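Only one structure is covered here, and it is reproduced in the block below.
Residue numbers (this note's numbering), protein chains in the order written: chain A, 16 to 284; chain B, 29 to 964.
Now the structure itself:
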């Protein structure tokens with residue numbers, strides 16, 4: 016029998032579905048918990064906006080903070096699931112030995128979890144610096160810029176660090192291996208399995224979405240939703256969601272095609 | 029776009045109304061914005077320019093039937109020459125006339141000055157000498173003063189004051205019409221802006237002068253005080269911003285009452301000045317002309333399009349009489365215009381004009397209705413002419429865009445062709461050039477035939493235009509057909525920053541915010557280099573690429589802090605450029621340790637030149653900010669800095685240039701050990717020598733830039749050198765990858781004894797983008813924007829204390845477009861940096877004699893063409909957007925100036941790239957060939 020790679024198609028699909036819907040829900044409805052959506056529009060009153068947007072645009076700081084709150088929970092869950100998948104994917108042998116290996120790996124789960132959060136936090140500062148380099152104001156609206164970088168860091172850094180470990184500069188074999196994996200995935204974009212795709216695509220999607228999200232700010236439309244950092248924050252989240260779905264689609268098509276080829280071969284035997 | 033037709037007819041009939049005044053004193057206070065005299069300027073008022081010139085509002089309050097303040101709309105372009113023409117002829121000088129500001133041509137049309145002459149009245153003039161170039165011999169008494177010395181705040185004003193009062197006091201009444209043109213307010217605006225104590229002093233002085241004039245006036249003299257245009261927030265003008273077009277107008281009749289009570293409200297227009305709480309009575313600036321003419325009992329000049337100001341005739345039935353004369357005069361003018369050669373332009377509008385005219389003839393209407401209808405006719409005529417003279421010739425535009433587009437595609441084919449030809453570039457070029465030549469010749473013939481065949485249909489286009497159009501098109505087409513650009517490969521390597529940058533010009537918002545856009549794209553363009561840096565195979569390379577990328581990014585971001593904001597960027601932008609000009613910290617740009625020539629070059633030429641450049645602007649700052657506290661220092665400081673600048677320019681241009689030309693290599697031959705000759709600096713023989721040439725240009729631009737611009741330029745130079753290191757590092761990574769991918773990875777380790785074939789990867793378009801963007805970033809960071817008012821005229825006075833037609837344009841161009849020149853000149857560095865002069869044969873022809881420049885010459889050409897491509901693409905973006913959006917509200921404010929900046933950009937980048945290639949590169953190659961050809 017030809018060994019099929021571990022690809023939990025049904026579970027993966029349902030989890031991506033739930034994860035992306037919940038992310039969209041968080042972005043659109045969480046800010047409402049903190050801001051009364053019957054509030055008056057505060058600026059640009061000559062351009063009335065849809066009442067749905069009022070709660071999202073009244074205070075960009077509160078909007079992004081509440082998004083972060085939701086995203087923290089969702090990413091923790093998603094990161095855990097994707098880590099399980101990666102472990103299942105990389106283990107071989109009989110069921111018992113796999114279960115033993117998995118238990119061994121999971122002994123370090125707590126420390127990996129803490130390290131991943133620490134890395135996310137550290138990277139958020141780096142993102143802040145990069146966003147300022149790209150033209151965000153250096154001193155004014157610093158809090159908003161930081162919240163944006165934290166959000167993007169949560170979306171793009173947490174899941175990979177939790178699954179692959181935090182890359183470091185030390186020279187022992189393990190950190191070398193981690194570094195090589197990171198370089199392969201995030202600098203060369205060479206993807207070898209569906210689980211890697213499920214990790215890399217959304218991270219890249221969040222960053223590209225955030226980058227594209229900066230573009231509408233310059234337009235002189237004078238709309239409240241153009242306030243910093245709403246468009247890059249929503250752009251990042253949208254990029255993440257779209258990239259998750261694209262990753263799922265590509266992986267599913269590849270898996271189905273491989274399955275088909277395998278069946279054809281079996282028939283031929 | 030066309031010029032106003034100059035109909036040189038003169039009103040000969042003596043139709044006028046009875047005069048109320050026999051004499052008039054017209055005082056023009058250059059750049060007197062409406063809010064400077066307004067009784068309710070913005071809230072909160074500025075302590076430096078609001079409620080300081082208070083005489084007009086005091087008199088208006090005390091004698092409302094004698095004194096009137098208006099917010100006068102001055103038609104753009106808001107430059108003095110155009111406004112003088114507008115004020116005296118009542119016409120609309122257009123944008124094209126703008127350049128005439130520097131070589132003002134005299135007026136041939138009818139004007140109030142001409143009418144004064146015909147009425148045997150005596151005209152006197154004092155002040156801004158622009159008037160003398162417009163009316164060279166119309167004034168019997170004249171005291172002109174040089175107008176272009178922006179640094180001089182007082183000479184013109186003191187001259188006017190010196191000659192004004194004796195004439196006013198003279199009991200023989202030697203003049204009937206006096207024009208006094210003060211320049212101080214305008215110069216203060218240009219030099220330090222409206223929010224500065226100097227402005228307050230200046231306006232106080234003007235208030236005193238006006239007070240004395242009012243005291244000396246007799247009852248038969250009319251006083252008119254006006255600003256020829258306004259000024260924007262930074263004190264500059266030229267465009268059509270609200271601040272620039274709102275000028276002050278104050279009319280005062282000491283003797284007779286002009287107005288009984290308020291005229292019918294249907295005749296009056298109101299506007300609110302930005303920031304003011306109340307609307308104020310507004311008129312067109314050209315309305316002054318018919319008004320003064322009739323008040324003095326003169327006929328209205330023939331070309332006038334203004335309408336008499338109702339308040340000044342609102343007594344008995346004088347207004348109806350005046351308006352009728354006014355409307356008949358405009359009707360006569362339009363008829364003459366229609367009968368003239370360019371009369372066909374009016375065809376589309378004639379029916380509407382005729383209808384507006386017909387309703388004025390109604391017999392049954394009451395007086396008020398007739399007044400409104402007459403005013404309406406005048407205004408319809410004015411708006412028709414405004415629309416007409418901002419006209420476009422679609423055929424010419426299509427021709428221009430076609431030449432640009434085809435030229436761009438041809439350059440692109442050339443770029444792709446040269447890149448793929450690699451070592452065979454010479455053969456490629458020699459196969460293409462004859463085709464292009466044939467294209468030029470064929471095109472010229474076709475153009476001529478086209479002209480002969482279609483002469484009737486091509487209105488306003490002559491044979492030369494046709495030839496100039498067809499020759500480049502055919503030449504480019506020949507190149508495109510013989511070497512078509514590979515479309516698929518081009519799409520795959522589509523440069524995203526360039527595409528976004530080009531498309532951005534279709535939006536006015538992105539065009540105003542181009543300074544931020546350039547930063548954003550510049551940082552984006554460095555991302556691929558960072559990714560390559562991360563995957564670099566060796567730690568040293570990784571740190572080198574990442575470190576220098578970071579340095580580039582930080583330099584570019586720091587440069588972006590310095591900006592002069594466009595008016596449209598308010599309130600989201602804070603001007604940092606002038607504010608920081610008081611920080612006297614001249615950075616000495618990178619002096620990378622080079623050897624040979626560099627050892628003497630840097631300390632002897634570069635360092636003194638850069639110090640002198642900073643010294644000049646420090647002295648300028650001392651002078652303008654009055655640090656020494658005494659006016660007596662001014663001449664001394666002026667002389668000192670003029671000679672400093674002259675010395676520094678001479679040093680760089682002549683001594684530095686000659687030194688570089690004679691010994692362009694930065695090599696050091698160490699013969700201390702008897703057995704061998706060490707050649708140090710070999711690996712970067714091309715790059716370091718070329719960088720020295722670049723620093724010469726840099727020193728020239730540096731000297732022409734103000735202090736904070738010098739900081740930006742220093743950062744720019746640092747960013748450039750960091751990026752060169754990044755490119756070199758990435759090239760090494762690509763080379764290693766190439767070798768690893770090849771069959772014999774160990775080749776990388778071999779010390780090739782005979783490096784017969786140079787395999788290092790070629791220059792890519794992605795390498796060119798960050799340098800091209802760096803050029804624009806330097807342009808913005810040195811206090812420029814794509815607007816006419818951001819030109820730093822100050823730079824015209826570097827080499828001479830007064831404007832000189834020889835040196836001023838050079839320094840102004842160096843100041844404005846120097847950053848782009850530097851970018852163009854830096855293009856060859858991308859190919860030359862860290863390229864050792866290896867003897868190499870062409871692959872596949874290893875038997876032939878090895879040549880030194882087989883690789884670098886082709887690559888330098890590619891880099892230079894790539895740089896030209898980038899700027900040409902921007903020009904196409906701005907040209908197409910200006911053509912498509914020509915009816916857009918902001919075409920004169922945003923799209924047309926960006927198009928002009930785009931033209932200048934292509935011009936200077938191409939010029940610099942050619943200088944870099946033809947002089948810089950070929951000189952270095954010949955030296956290197958001379959040095960190494962014999963020895964190896």
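Using N, Cα and C, we set each Cβ at its ideal position, and we do this for glycine too.
Keep in mind it's a predicted model, so treat the numbers as computed, not measured.
Contact annotation: the stretch 169 to 184 of chain A touches the stretch 194 to 201 of chain A, with at least three C-beta pairs closer than 8 Å. The shortest C-alpha to C-alpha distance from residue 198 of chain A to any of B:570, B:117, B:404 and B:436 is the one to B:570. Judged by their CB atoms, residue 66 of chain B and residue 304 of chain B are nearer to each other than the 8 Å cut-off. Rounded to whole angstroms, the separation of the alpha carbons of residue 746 of chain B and residue 729 of chain B is 15 Å.
Apart from the 5 residues on each side of it in sequence, residue 594 of chain B sits with its Cβ closer than 7 Å to the Cβ of 540, 813 and 815 in its chain, given in chain order. In the DSSP assignment, the residues bridged to residue 254 of chain B are B:56 and B:277.
Assignment of residue 884 of chain B by DSSP, reduced to helix, strand and coil, places it in the helix class. DSSP, read as helix, strand or coil, puts residue 242 of chain A in coil. In the DSSP assignment, residue 25 of chain A is bridged to no other residue. Judged by their CB atoms, residue 55 of chain B and residue 253 of chain B are nearer to each other than the 8 Å cut-off. Residue 139 of chain B places its beta carbon 8 Å or farther from that of residue 158 of chain B. Put simply, the stretch 462 to 482 of chain B touches the stretch 496 to 512 of chain B. At least three CB pairs are less than 8 Å apart. Bounds of any alpha helix (DSSP H) do not take in residue 834 of chain B, whose DSSP letter is neither H nor E. For the pair of segments examined, the stretch 714 to 727 of chain B was found not to touch the stretch 832 to 839 of chain B: the number of CB pairs separated by less than 8 Å stays below three.
Every alpha helix (DSSP H) stretch that sits fully inside the stretch 308 to 346 of chain B and reaches 4 residues is listed by chain position as 316 to 323.
When rounded, the separation of the alpha-carbon atoms in residue 272 of chain A and residue 266 of chain A is 10 Å. Between residue 458 of chain B and the set B:442, B:583 and B:489, the nearest pair of CA atoms involves B:442.
Closest by C-alpha distance to residue 794 of chain B, out of B:184, B:518 and B:79, is B:518. Residue 79 of chain B sits in coil when the DSSP states are folded into three classes, being neither helix nor strand.
Under the criterion of beta carbons closer than 8 Å, residue 317 of chain B and residue 329 of chain B qualify as touching, at roughly 7 Å. DSSP, reduced to helix, strand and coil, places residue 764 of chain B within a helical segment of the structure shown. In the structure shown, residue 156 of chain B falls within a strand segment according to DSSP collapsed to helix, strand and coil. The alpha carbon of residue 557 of chain B has as its nearest neighbour, out of B:579, B:542 and B:538, the alpha carbon of B:579.
Collapsing the DSSP output to three states places residue 811 of chain B in coil. Going by DSSP, residue 206 of chain B is part of no alpha helix (DSSP H) but of the beta strand (DSSP E) stretching over 205 to 210.
Counted as a single uninterrupted DSSP element, the beta strand (DSSP E) harbouring residue 98 of chain B occupies residues 95 to 101. For residue 90 of chain A, the three-state secondary structure derived from DSSP is helix. The CB of residue 538 of chain B comes closer than 7 Å to the CB of 233 in chain A, given here in chain order. At a beta-carbon threshold of 8 Å, the residues of chain B lying near residue 229 of chain A are 548, ordered along the chain. Residue 190 of chain A carries a helical assignment under DSSP once its states are collapsed to helix, strand and coil.
DSSP, read as helix, strand or coil, puts residue 170 of chain B in strand. Sequence-distant partners of residue 74 of chain B (beyond 5 residues in either direction) whose C-beta falls short of 8 Å from its own C-beta, in its chain, are 222 and 223. Per DSSP, reduced to three states, the secondary structure at residue 277 of chain A is helical.
Remark: C-beta atoms of residue 62 of chain B and residue 263 of chain B do not approach each other more closely than 8 Å.
Taking CB atoms only, residue 594 of chain B has no neighbour in chain A less than 8 Å away.
Boundaries of the beta strand (DSSP E) around residue 298 of chain B: 297 to 299.
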